[in-house]
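To keep things clear, I will list the structure first and then write my remarks on it.
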Amino acid sequence: MTIQHRHPLAALGLAIAIVLAGCSAPTTVTPAPDADDSVVDQGNGTPTESILDPAVPWPTEIPRPSNIVYEFSGKNPLGDGAVREIRFLASGVAEVQAYIDSLISAGWESGFGNSEPMTGDDGSVSWLLTTDQYMGTVSTDNSNDPSVPWSFSILG
Numbered sequence: 066m067t068i069q070h071r072h073p074l075a076a077l078g079l080a081i082a083i084v085l086a087g088c089s090a091p092t093t094v095t096p097a098p099d100a101d102d103s104v105v106d107q108g109n110g111t112p113t114e115s116i117l118d119p120a121v122p123w124p125t126e127i128p129r130p131s132n133i134v135y136e137f138s139g140k141n142p143l144g145d146g147a148v149r150e151i152r153f154l155a156s157g158v159a160e161v162q163a164y165i166d167s168l169i170s171a172g173w174e175s176g177f178g179n180s181e182p183m184t185g186d187d188g189s190v191s192w193l194l195t196t197d198q199y200m201g202t203v204s205t206d207n208s209n210d211p212s213v214p215w216s217f218s219i220l221g
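Sequential numbering from 66 applies to the sequence shown in the working numbering.
In structure tokens, the structure reads:
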């Protein structure tokens, strides 16, 4: 079963904003000056600049996708925890579904009650995933174009 929504990424962003608003207390946050610029190899020899905070590494218990083209990590500007994002290339939805299945095998749960994505008429596709410690989305604006990166964003 595929859940259809006219603007799925907007709805997903709103859901995350609502959760963040309920989870964070008002606080003044100063960005960490220790963010480190790093390079991720796209696999074709062309590096892409990524921004990685050494104090916020990718959690070892979370499987990483293949074909990473960009990576970001930093402290959560709205409160506790961190924000992480990996952008990666995939041949299509089936390849990303296999990655989603690996996350579910690692203990993630689908926010929609099954591992099916939410899709839009414009080719956008997204999954909402959670664990006890993290909330994440895997999404793309155009699942029909393998040159458009997918994004795995994690909060927690």
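Even glycine gets a Cβ: it sits at the ideal position worked out from N, Cα and C.
State the Cα-Cα distance for the pair residue i and residue j, rounded to the nearest angstrom.
i	j	result
residue 168	residue 204	14 Å
residue 129	residue 143	25 Å
residue 188	residue 208	5 Å
residue 181	residue 151	21 Å
residue 183	residue 192	6 Å
residue 140	residue 173	22 Å
residue 126	residue 198	11 Å
residue 206	residue 165	17 Å
residue 210	residue 131	17 Å
residue 156	residue 121	29 Å
residue 216	residue 186	19 Å
residue 123	residue 145	16 Å
residue 98	residue 163	Any reading at residue 98 needs caution, since the residue's pLDDT is 43, under 50, leaving its predicted position unreliable; the model's value is listed next. For residue 98 and residue 163, the distance between alpha carbons rounds to 37 Å.
residue 37	residue 119	A query on residue 37 cannot be resolved here, the shown segment of the chain reaching from 66 to 221 and no further.
Give me the DSSP bridge partner(s) of residue i.
i	result
residue 147	140
residue 127	Answer by DSSP bridge pairing: none, since residue 127 is not bridged.
residue 153	133 and 215
residue 203	192 and 217
residue 175	194
Would the beta-carbon of residue i fall within 7 Å of that of residue j?
i	j	result
residue 148	residue 220	yes
residue 195	residue 176	yes
residue 212	residue 202	no
residue 134	residue 214	yes
Please report the Cβ distance between residue i and residue j, rounded to the nearest whole angstrom; I am assuming they are in contact, meaning their Cβ atoms lie under 8 Å.
i	j	result
residue 154	residue 138	In fact, because the Cβ distance is near 20 Å, the residues do not count as touching under 8 Å.
residue 170	residue 136	At roughly 22 Å, the Cβ-Cβ gap does not stay under 8 Å, so residue 170 and residue 136 are not in contact.
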